[in-house]
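Written out below as structure tokens is the structure these notes cover.
2 protein chains.
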Amino acid sequence: MGRWEPNARERLERAALDLFVEHGYDATTVAAIAERAGLTKSTFFRHFADKREVLFGAPDLLADLLAGAIAAAPPPAPPAACLAAALDAAAAASFTAERRGLARQRRAVVASSSELRERELLKLSRVAAAMAAAFRARGTGDTTARLAAEIGVLAFGLAFESWTEEGNARPFTDIAHETLRDLQASAAALGA
Amino acid sequence: MGRWEPNARERLERAALDLFVEHGYDATTVAAIAERAGLTKSTFFRHFADKREVLFGAPDLLADLLAGAIAAAPPPAPPAACLAAALDAAAAASFTAERRGLARQRRAVVASSSELRERELLKLSRVAAAMAAAFRARGTGDTTARLAAEIGVLAFGLAFESWTEEGNARPFTDIAHETLRDLQASAAALGA
């Protein structure tokens, strides 16, 4: 029971997403996830607080990651460079080639339920608030901080959508940087 | 019971907001709101589907109003002019001098509860999605449509915050147009 299980977290994640796709999120129990992974419920709860955490990660994990990258960018970096650094940090942590299949499943599961879509929107609102706070802490004015954060969340969302499309083989960072450049061009046009 | 009551909707709204501020949103019943307004529960339900609708309006009312103004702007109007028209439409419908006191109370009630704050964020997400769709319908590219919609929601939110501050006596439209210009300047800087 308490012993170390190789790749337990990843096995649980794969089992959970397979079951969410097969039977729906609501109908899938933690017991079923653990059984499918060949592990115990207590192993599940050593890795995830609950079933929802498999889909959404620990609260504020993504927000802290993106805001942390903005805070860590060298002081003279303009907001757009901070956003690029934030997207790279996200890519390195979670949006790797090995995780693209899981991300596709996750996207389908979240899209299938209005409650999960709402939870996703609220998560992205927290991410935007954390990014705006990180910009303000760098001395960026409030209006620009809020707008830069929204652009970061839009870039993240559009890049994730494109990256998880069937057949797309480009790395997340390439897509994210291109999306960010497109958004900057749109911002320049809207600001003109 | 079924007879016409003068200003029933406004009396119910004022009674509800007073009670939400005094006793909290959760502790306030529809029966108490009707009693405070000197009206019946059935009169309440002729004006509002439920207690939540007093705070958030009918689903999609604000989204339809803002998206409708974007759709109705003359074809050559650039996105920023469409956003200004949308903010003016909102101002004319709901953000009048007579309603500023109610809006202040509403802001305090929503801020007091994490559930109500989440509902507000989800409402603004629906507004952003509706505005983006209205821009796409005008032929605006998807990236610019989404960014313009986020700028519209930011302008709306920042203007509402400022308009409902104690002591602020400027009309909503003045504040909203200034906020929009600030956001455009930020967009130009972020796009550079």
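Sequences listed follow chains A and B, in order.
To convert, note that position 121 of the first sequence is 121 in full-length UniProt numbering; the numbers rise steadily by one, no gaps.
To convert, note that position 107 of the second sequence is 107 in full-length UniProt numbering; the numbers rise steadily by one, no gaps.
Note that the Cβ used here is the ideal one computed from N, Cα and C, for glycine as well.
These figures come from a predicted structure and were not determined experimentally.
Original post:
Less than 8 Å separating the beta-carbons of G191(A) and A187(B)?
Top reply: Residue 191(A) sits at position 191 when you count from the first residue of the first sequence. Residue 187(B) sits at position 187 when you count from the first residue of the second sequence. Taking 8 Å as the Cβ cut-off, G191(A) and A187(B) qualify as a contacting pair.
**OP:** With a threshold of 16 other CB atoms inside 10 Å of the CB of T164(B), please say whether the residue is buried or exposed.
**Re:** Here residue 164(B) corresponds to residue number 164 of the second sequence, with the count starting at 1. Buried: at least 16 other Cβ atoms inside 10 Å.
Subject >> Cβ of M1(A) within 8 Å of any chain B Cβ >> reply: Walking along the first sequence from the start, residue 1(A) turns up at place 1. Because the pLDDT of M1(A) is 46, which lies under 50, any placement of that residue in the model is unreliable, and the number read from its coordinates should be weighed accordingly. False, the Cβ-Cβ gap to chain B never drops below 8 Å.
**OP:** Determine whether the Cβ of A185(B) lies closer than 8 Å to any Cβ atom of chain A.
**Re:** One-based indexing of the second sequence puts residue 185(B) at position 185. It does; some Cβ of chain A falls within 8 Å.
Original post:
What does T164(A) reach in chain B if we use C-beta pairs closer than 8 Å?
Top reply: Within the first sequence, residue 164(A) is the residue found at index 164, counting from 1. Chain B residues near T164(A): none, gap ~17 Å exceeds 8 Å.
Original post:
Closer than 7 Å, Cβ to any Cβ of chain B: which residues of the region 121–132 of chain A, in chain order?
Top reply: L121, L122, S125
Original post:
How many angstroms separate the CA atom of S94(A) from the CA atom of A34(B)?
Top reply: Sequence index remark: in the first sequence, residue 94(A) carries index 94 (1-based). Sequence index remark: in the second sequence, residue 34(B) carries index 34 (1-based). Near 52 Å, if we compare the C-alpha coordinates of A34(B) and S94(A).
Subject >> A63(A) beta carbon less than 8 Å from that of residue 217(A) >> reply: It is not possible to answer for residue 217(A), since the shown part of chain A is limited to 1 through 192.
Original post:
If the cut is a Cβ gap below 7 Å, which residues of chain A does E118(B) touch?
Top reply: As a position in the second sequence, residue 118(B) is number 118, starting the count at 1. Near E118(B) (Cβ distances below 7 Å), the residues of chain A are L122.
Original post:
Along the chain, where does the alpha helix (DSSP H) that runs through T143(A) open and close?
Top reply: Your numbering for residue 143(A) matches position 143 in the first sequence. 142–163 is the extent of the alpha helix (DSSP H) around T143(A).
Original post:
Rounded to the nearest angstrom, how far is the Cβ of A128(A) from that of V153(A), given a contact under 8 Å?
Top reply: Residue numbering aside, residue 128(A) sits at position 128 when the first sequence is read from its first letter. Residue numbering aside, residue 153(A) sits at position 153 when the first sequence is read from its first letter. Right, the Cβ-Cβ distance comes to about 5 Å (below 8 Å), so this counts as a contact.
**OP:** Check whether the Cβ atoms of A58(B) and P171(B) sit closer than 8 Å, and answer yes or no.
**Re:** Reading the second sequence from its first residue, position 58 is the one you call residue 58(B). Reading the second sequence from its first residue, position 171 is the one you call residue 171(B). Cβ distance not < 8 Å, so A58(B) and P171(B) don't count as in contact.
Subject >> Short Cβ contact (8 Å threshold) for L183(B) with T143(A) >> reply: Position 183 of the second sequence, counting from 1, holds the residue named residue 183(B). Position 143 of the first sequence, counting from 1, holds the residue named residue 143(A). Yes, Cβ-Cβ distance for L183(B) and T143(A) is below 8 Å.
**OP:** Output yes or no for whether 8 Å exceeds the beta carbon distance between R106(A) and L65(A).
**Re:** What you label residue 106(A) is simply residue 106 of the first sequence in a count that begins at 1. What you label residue 65(A) is simply residue 65 of the first sequence in a count that begins at 1. For R106(A) and L65(A), no; Cβs fall outside 8 Å.
**OP:** Please check if any C-beta of chain A sits within less than 8 Å of the C-beta of D174(B).
**Re:** Residue 174(B) sits at position 174 when you count from the first residue of the second sequence. Output row for D174(B): interface = no.
Original post:
Taking just the CA atoms, how far does R99(B) sit from A71(A)?
Top reply: By one-based count along the first sequence, residue 71(A) stands at place 71. By one-based count along the second sequence, residue 99(B) stands at place 99. Answer to the nearest angstrom: the Cα atoms are 41 Å apart.
**OP:** Given a cut-off of 8 Å, decide if F48(B) and L12(B) are closer than it, judged by their beta-carbon atoms.
**Re:** For this step, residue 12(B) is matched to residue 12 along the second sequence. For this step, residue 48(B) is matched to residue 48 along the second sequence. Cβ distance < 8 Å, so L12(B) and F48(B) count as in contact.
**OP:** Below 8 Å between beta carbons is the criterion; list the residues of the region 142–158 of chain A that meet it against any residue of chain B, in chain order.
**Re:** T143, T144, R146, L147, A148, E150, I151, L154, L158
Subject >> Residues that A134(A) contacts on chain B, provided the C-beta gap is smaller than 7 Å >> reply: Sequence index remark: in the first sequence, residue 134(A) carries index 134 (1-based). Correct list: empty, because the minimum Cβ distance to chain B is about 15 Å.
Subject >> Length of the line joining the Cα atoms of G101(B) and A16(B) >> reply: On the second sequence, position 101 is the one that residue 101(B) refers to. On the second sequence, position 16 is the one that residue 16(B) refers to. The alpha-carbon atoms of G101(B) and A16(B) are separated by roughly 13 Å.
Original post:
Hey, quick one: how far does the alpha helix (DSSP H) through residue 215(B) stretch, first residue to last?
Top reply: Look at the range of chain B in this structure, 1 to 192, and you will see that residue 215(B) is not part of it.
**OP:** Name the residue from E10(B), A67(B), S114(B) whose alpha carbon lies nearest to the alpha carbon of R138(B).
**Re:** On the second sequence, position 138 is the one that residue 138(B) refers to. The candidate whose alpha carbon is nearest that of R138(B) is A67(B).
Original post:
Along the chain, where does the alpha helix (DSSP H) that runs through T43(B) open and close?
Top reply: As a working mapping, residue 43(B) is identified with position 43 in the second sequence. It spans 41–47 - the alpha helix (DSSP H) in which T43(B) sits, taken as one unbroken run.
Original post:
Rounded to a whole number of angstroms, what is the C-alpha to C-alpha distance between I151(B) and P75(B)?
Top reply: The residue labelled residue 151(B) in the question sits at position 151 within the second sequence. The residue labelled residue 75(B) in the question sits at position 75 within the second sequence. Cα to Cα, the separation comes out at about 20 Å.
Subject >> Interface partners of P74(B) on chain A, CB under 8 Å >> reply: Counted from its first residue, the second sequence places residue 74(B) at position 74. Under the 8 Å cutoff, chain A gives no residues; its nearest Cβ is about 18 Å from P74(B).
Original post:
In chain order, what residues of the same chain have a beta carbon less than 8 Å from the beta carbon of L116(B), not counting five sequence neighbours either side?
Top reply: Reading the second sequence from its first residue, position 116 is the one you call residue 116(B). If we look at L116(B) and ignore the five residues flanking it on each side, its Cβ neighbours are Y25, L55, V109, V110.
**OP:** Anything in chain B within Cβ reach of A81(A), meaning under 8 Å, just list it in chain order.
**Re:** Counting from 1 along the first sequence, the entry for residue 81(A) is found at position 81. Those within 8 Å of A81(A) in chain B number zero; the least Cβ separation is about 11 Å.
**OP:** Could you check which residue in A148(B), R9(B), D60(B), H23(B) has the C-alpha nearest to that of K41(B)?
**Re:** Start at 1 with the first residue of the second sequence, and residue 41(B) comes out as number 41. Selected option, being the one with the closest Cα: R9(B).
**OP:** Could you please give the first and the last residue of the uninterrupted alpha helix (DSSP H) stretch that includes E53(A)?
**Re:** Taking the first residue of the first sequence as position 1, residue 53(A) is located at position 53. Residues 51–56.
Subject >> Cutoff 8 Å: L190(B) Cβ touching any chain A Cβ >> reply: By 1-based counting over the second sequence, the position of residue 190(B) is 190. Yes, L190(B) lies at the interface with chain A (some Cβ there is under 8 Å from its Cβ).
**OP:** Check the Cβ-Cβ distances between D50(B) and every residue of chain A, and say whether any is below 8 Å.
**Re:** Within the second sequence, residue 50(B) is the residue found at index 50, counting from 1. No, D50(B) does not count as interfacial toward chain A.
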